[in-house]
Structures are given as structure tokens and as C-alpha cells.
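In the working numbering, the protein residues as written are 17 to 104.
Heads up, the beta-carbon is just placed ideally off N, CA and C, and yes, glycines get one too.
Remarks on the structure that follows.
If you want it as C-alpha cells, here you go:
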């Protein structure tokens with residue numbers, strides 16, 4: 017489980033988790049997380065230099081302990097996607 021908190025209150029914990037995981041892969045990575053109540057998703061912004069990659073994690077993913085590994089794999093794949101954008 018990425019956070020026990022719901023909605024906006026969970027976004028800081030999601031951001032902390034994403035920074036920790038992200039910096040293991042890419043030390044220069046910055047991460048911002050927010051909650052979008054219209055879609056009930058956490059919006060993550062991966063930032064490196066002038067490039068930004070935005071993606072979402074559902075509340076179901078963030079609040080299910082069995083899906084934490086899935087979330088980590090998604091985050092790492094998105095970091096790789098961002099790295100490929102920088103290679104172009």
C-alpha cells in the first residue's frame with residue numbers, strides 16, 4: 017500500500033514513495049504528485065531537465081497492498097520512457 021490516506025491527503029505520501037523509488041533509478045529525477053478528484057487518480061509528474069512525463073495511478077492501485085509491486089514497475093517503466101525522450 018502506497019498510502020493509507022485518501023485523496024489530497026495521500027498525495028504527499030505517494031510523492032515521497034515515488035521520489036524514493038525514482039531516485040534509485042535516476043538520481044536527477046524530480047517527482048510531483050497531486051490528486052485529481054474528478055478521476056479519483058493520483059497524477060504523477062516525472063521531471064528531468066526540461067522534460068516532463070505525466071501519468072496516473074488509480075486510487076485502487078495506491079490503496080491495495082497487493083498492487084504495490086505493480087505500481088513500482090509502472091513507475092520504473094515511466095522513468096525509462098522519460099530517459100528515452102531525452103535520448104531523442
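- Per the C-alpha coordinates, the member of 66, 79 and 38 positioned closest to residue 60 is 38.
- Bounds of the beta strand (DSSP E) holding residue 49 are 46-52.
- When the five nearest sequence neighbours on each side are left out, the beta carbons in the same chain lying within less than 7 Å of the beta carbon of residue 31 are those of 47, 48 and 49, in order along the chain.
- Put simply, the backbone Cα of residue 18 is about 18 Å away from that of residue 55.
- Residue state for residue 19 is assigned as coil, using DSSP reduced to three classes.
- By the neighbour-count criterion, in which 16 or more other beta carbons inside 10 Å mark a residue as buried, residue 65 falls on the exposed side.
- Beta-bridge annotation (DSSP): residue 30 is not paired with any residue.
- Assignment of beta-bridge partners to residue 68 by DSSP yields 63.
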